[in-house]
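Chains as they are written, first to last, in the numbering used here: chain E, 19 to 434; chain Z, 19 to 434. Glycine is no exception: its CB is placed at the ideal position from the N, C-alpha and C atoms. Report on the following structure.
2 protein chains.
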Amino acid sequence: MKTIYAEILTIGDEILYGQIIDTNSQYLSRELDALGIKVRRKSAVGDEEQAILRALAEAESRADLVLMTGGLGPTKDDITKKTLAQYFETEMRSHPETLAFIVDFFQKRGREIKDIHRRQALMPAAAQILPNRLGTAPAMWFEKNGKVFVSMPGVPQEMEILMQEAVIPKIKTFFQTPVIYHKVIKTFGAGETMLSELIEDWEDHLPPHIRLAYLPSWGEVKLRLTATGPSRAELEAQVAAEIEKVMPRIEKYVYGYDQDELEAKVGEWLLAQGKTVATAESCTGGFIGHLFTKVPGSSRYFTGGVIAYSNEVKMQQLGVKPETLAQHGAVSEETACQMAEGVRQLLQTSIGVASTGVAGPEGGSPEKPVGTVWIAYADGQQTQARKLSLTNDRLLNIRLTAYIVLDMIRKRLREA
Amino acid sequence: MKTIYAEILTIGDEILYGQIIDTNSQYLSRELDALGIKVRRKSAVGDEEQAILRALAEAESRADLVLMTGGLGPTKDDITKKTLAQYFETEMRSHPETLAFIVDFFQKRGREIKDIHRRQALMPAAAQILPNRLGTAPAMWFEKNGKVFVSMPGVPQEMEILMQEAVIPKIKTFFQTPVIYHKVIKTFGAGETMLSELIEDWEDHLPPHIRLAYLPSWGEVKLRLTATGPSRAELEAQVAAEIEKVMPRIEKYVYGYDQDELEAKVGEWLLAQGKTVATAESCTGGFIGHLFTKVPGSSRYFTGGVIAYSNEVKMQQLGVKPETLAQHGAVSEETACQMAEGVRQLLQTSIGVASTGVAGPEGGSPEKPVGTVWIAYADGQQTQARKLSLTNDRLLNIRLTAYIVLDMIRKRLREA
Chain E
19 MKTIYAEILT IGDEILYGQI IDTNSQYLSR ELDALGIKVR RKSAVGDEEQ
69 AILRALAEAE SRADLVLMTG GLGPTKDDIT KKTLAQYFET EMRSHPETLA
119 FIVDFFQKRG REIKDIHRRQ ALMPAAAQIL PNRLGTAPAM WFEKNGKVFV
169 SMPGVPQEME ILMQEAVIPK IKTFFQTPVI YHKVIKTFGA GETMLSELIE
219 DWEDHLPPHI RLAYLPSWGE VKLRLTATGP SRAELEAQVA AEIEKVMPRI
269 EKYVYGYDQD ELEAKVGEWL LAQGKTVATA ESCTGGFIGH LFTKVPGSSR
319 YFTGGVIAYS NEVKMQQLGV KPETLAQHGA VSEETACQMA EGVRQLLQTS
369 IGVASTGVAG PEGGSPEKPV GTVWIAYADG QQTQARKLSL TNDRLLNIRL
419 TAYIVLDMIR KRLREA
Chain Z
19 MKTIYAEILT IGDEILYGQI IDTNSQYLSR ELDALGIKVR RKSAVGDEEQ
69 AILRALAEAE SRADLVLMTG GLGPTKDDIT KKTLAQYFET EMRSHPETLA
119 FIVDFFQKRG REIKDIHRRQ ALMPAAAQIL PNRLGTAPAM WFEKNGKVFV
169 SMPGVPQEME ILMQEAVIPK IKTFFQTPVI YHKVIKTFGA GETMLSELIE
219 DWEDHLPPHI RLAYLPSWGE VKLRLTATGP SRAELEAQVA AEIEKVMPRI
269 EKYVYGYDQD ELEAKVGEWL LAQGKTVATA ESCTGGFIGH LFTKVPGSSR
319 YFTGGVIAYS NEVKMQQLGV KPETLAQHGA VSEETACQMA EGVRQLLQTS
369 IGVASTGVAG PEGGSPEKPV GTVWIAYADG QQTQARKLSL TNDRLLNIRL
419 TAYIVLDMIR KRLREA
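Listed below in structure tokens is the structure:
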């Protein structure tokens, strides 16, 4: 099967000048990768006729499919759309359905409709219009010499819905894309090097149509298996068989697959085991609580917590002993354990967890340098603590600590 | 003065396939914008000789300065560096200082040094080497026909330090950049439309060498003034005079300038007024605490808080009355006020703040749809509450609520 090449073109001064970050092109990359289409280049140009024309010609010379985002807002859509009309040698005309949608959009919001809004319904005549149900700028689909060009609005939510509902189905019909199947194994607590040593010879024996990629981030490593072939059912079975082979070696680091998130998986296991959890946070300052509560439905297992930033709160709310703080300091195994036990008793949960550390950039000492953190877990039967030696970056230390605490709960629940 | 044009080129398969998001090019855009250099195009290509050569030639045809990132890791730097050597018609040779740094880097970490690491010291002979003190891949500076090409590693921290310490100073020496001065006014609580109505005629009378841009995000709007001219001192004075003119109209929304963050500014004001704060969080689940504690030194005014996710915690820790919950529900003005007052008393702080709401996506009702949130502020003299009607997006609701609570504190401190 012939490889299909794509390019992604972002239009807008705000990208060139760094006012906003281009998240759309990452989304489009992933979707194209999942379709088995090879992205050859990404480009960004400003809201400028000559730059857009040149970028289109270059992309056409290299790719079969060109996905464009941006340049379609009410104040500047003229330039992008007129340039597209020029490139595809067509004229601008009002598109009745789009005009009706725009009029309705403004009426429903009780806003006055102006000429600038009506002009948004002007479209290059050669374009197939793909309606946008979230905003006033639809997508445009152009075909030229067997190649496809799609122009979409830059607002991420609108662009993503347009892709899912209209563009991807049309791409699948227009091009003969290979069957491609991805499965991501999500691991926490083992570095890329350690994992690669554990699975090296398994990896060496993977069949050539199954590729492995390591995607590390934030203390976790994702293992992505990508299989290409004629039948999806066969690929799924082959990938499942490979995962079964490798699993015994990495099992204790695996928390889920594909879109699974550690905070949500820990929540599922707590729920399944009928357990509740409470947090006592010093250096993480509420971030562990935030990770729990960003998951919908977390009130079923997350009871609450105490942000014990000052020593007074550690003593008065959590029952940390004054002599412990005096002898061992706030950043110590003893304090962390008493915090975890204290919050568990206070909020009457199955499990209590705690963090206390030197997040930085100030506050370090020779014995406890910036990045020194103690975390603890208590469930009434056992109390466990662990010392972490993290980085000089305050925000990174907060996040890493919070995820490592979640992983500590995961490990205990696995053993239960 | 002649405009200087730049292009940004990102090298790496991981960007094309969407495995990572390209934050480097936004950083570079901003730095170039601040230097008065106009970015004309951004491109990303894979780790592939022909693609890199073609991208270099295209960039050279349009720009005076080409900044490249990526493609310099230990496993794949061969391709980028060899391709650069080919493009600049030079040979590869070992760079003694780089080799010494690499050997030292590995010895200090007690790691074995392999041939693959030594090869990292091979550099195109025509390049000026800019040492990287955080990693093993230095930056390379090439000059060709009055144009400049810089290749930097893709690791953001390494690239940013190289830019600040070596590349930007060299750019300033090589090119005659215009004097450009930016000042950003940071506002919270007014939308873009409202602000533009307030300052419309001031904006219309700005001198032509001072431009205004609206940069909205997360409930805040940044107003960026950009002035270009022959003397920095003059530009600063002119911009200051313009800000003085506009300030009376927008004062109550302005929390700071340039790199100021709302959470840090609120902290400064608390400190200046000798006040402390505690949080009682239901729907925000710890995120307000996180915003306070991500600021270094926040222990001087942030005492701690209670994450009161369950009603039991609201009652037992914060003293919310059972009859209040029964009559008005957890998401109510009364509950929010009792939470703020309760945490203030419990942790003995000057100020207590609270959040309680339906973050979504489940849990809404006709009277209290998803996005309904009550927030409260208590300082012993007054207790104030405010109802918010936010979105259907759980994470967005959490973040918006937290920032609006910070802004509520800001407004009260302004009046004090």
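For residue i, count the other beta carbons within 10 Å of its own beta carbon; 16 or more makes it buried, fewer makes it exposed. Which is it?
| i | result |
| --- | --- |
| K332 of chain E | buried |
| Q44 of chain E | buried |
| T87 of chain Z | buried |
| L413 of chain Z | exposed |
| T28 of chain Z | buried |
| W236 of chain E | exposed |
| M265 of chain E | exposed |
| H113 of chain Z | buried |
| P156 of chain E | buried |
| D122 of chain E | exposed |
Along the alpha helix (DSSP H) that carries residue i, what are the first and last residues, could you check?
| i | result |
| --- | --- |
| R318 of chain E | Looking at the DSSP string, R318 of chain E is not in any alpha helix (DSSP H), and its letter there is neither H nor E. |
| I261 of chain Z | 250-268 |
| K283 of chain Z | 280-290 |
| A372 of chain Z | Careful: A372 of chain Z lies outside any alpha helix (DSSP H), inside the beta strand (DSSP E) at 369-375. |
| A52 of chain Z | 42-52 |
| G307 of chain Z | 305-311 |
| T191 of chain Z | 186-192 |
| E330 of chain E | 329-334 |
| D133 of chain Z | 133-136 |
Go ahead and pull the three-state DSSP assignment for residue i.
| i | result |
| --- | --- |
| W236 of chain E | coil |
| V388 of chain E | coil |
| R412 of chain E | helix |
| E161 of chain E | strand |
| V349 of chain E | coil |
| R58 of chain E | strand |
| L343 of chain Z | helix |
| A24 of chain Z | strand |
| R127 of chain E | coil |
| A73 of chain Z | helix |
| Y35 of chain Z | coil |
| E107 of chain E | coil |
| V63 of chain Z | strand |
| L364 of chain E | helix |
| A231 of chain Z | strand |
| A81 of chain Z | coil |
| L213 of chain Z | helix |
| A118 of chain Z | helix |
On the DSSP bridge list, what partners appear for residue i?
| i | result |
| --- | --- |
| M170 of chain E | E:T87 |
| M357 of chain E | Paired residue(s): none; M357 of chain E is not in a bridge. |
| F206 of chain Z | Z:E238 |
| Q146 of chain E | E:W159 |
| K201 of chain E | E:L243 |
| Y421 of chain Z | Note: Y421 of chain Z sits in no beta bridge, so no partner. |
| A326 of chain Z | E:G322 |
| M141 of chain Z | Z:R111 |
Can residue i be considered in contact with the ligand FMN, in the sense that its beta carbon sits closer than 7 Å to one or more heavy atoms?
| i | result |
| --- | --- |
| T87 of chain E | What this structure holds is no ligand at all, so the ligand FMN is not there to describe. |
Over what stretch of residues does the beta strand (DSSP E) that includes residue i continue unbroken?
| i | result |
| --- | --- |
| R405 of chain E | With the sequence shown as reference, residue 405 of chain E is identified as Lys, and Arg is not the correct amino acid for it. Looking at the DSSP string, the run of the beta strand (DSSP E) that includes K405 of chain E is 401-407. |
| S112 of chain Z | 110-112 |
| G274 of chain Z | 272-275 |
| V295 of chain E | 295-299 |
Could you name the residues of chain C that residue i contacts, counting a contact when the two beta carbons are closer than 7 Å?
| i | result |
| --- | --- |
| Q182 of chain E | Within the model displayed, chain C is absent; protein chains E and Z are what it includes. |
message = Any contact between the segment 30-48 of chain E and the segment 167-175 of chain E? By contact I mean 3 or more CB pairs, one from each, below 8 Å.
response = yes
request  = Indicate whether the contact test is met: 3 or more Cβ pairs, each with one atom in the segment 385-395 of chain Z and one in the segment 192-209 of chain Z, closer than 8 Å.
outcome  = no
ask   = At a cut of 8 Å, does the segment 270-288 of chain E reach the segment 309-326 of chain E through at least three beta carbon pairs?
value = yes
message = Would the segment 297-304 of chain Z count as touching the segment 320-338 of chain Z if we require 3 or more Cβ pairs under 8 Å?
response = yes
query = Is it a yes or a no for the segment 64-80 of chain Z touching the segment 209-222 of chain Z, going by three-plus beta-carbon pairs under 8 Å?
reply = no
message = Closer than 8 Å is the cut-off here; do at least three beta carbon pairs connect the segment 147-163 of chain Z with the segment 57-68 of chain Z?
response = no
message = Under 8 Å, with one C-beta from each stretch per pair, do the segment 390-397 of chain E and the segment 370-377 of chain E reach the 3-pair mark?
response = yes
request  = Indicate whether the contact test is met: 3 or more Cβ pairs, each with one atom in the segment 265-282 of chain E and one in the segment 333-349 of chain E, closer than 8 Å.
outcome  = no
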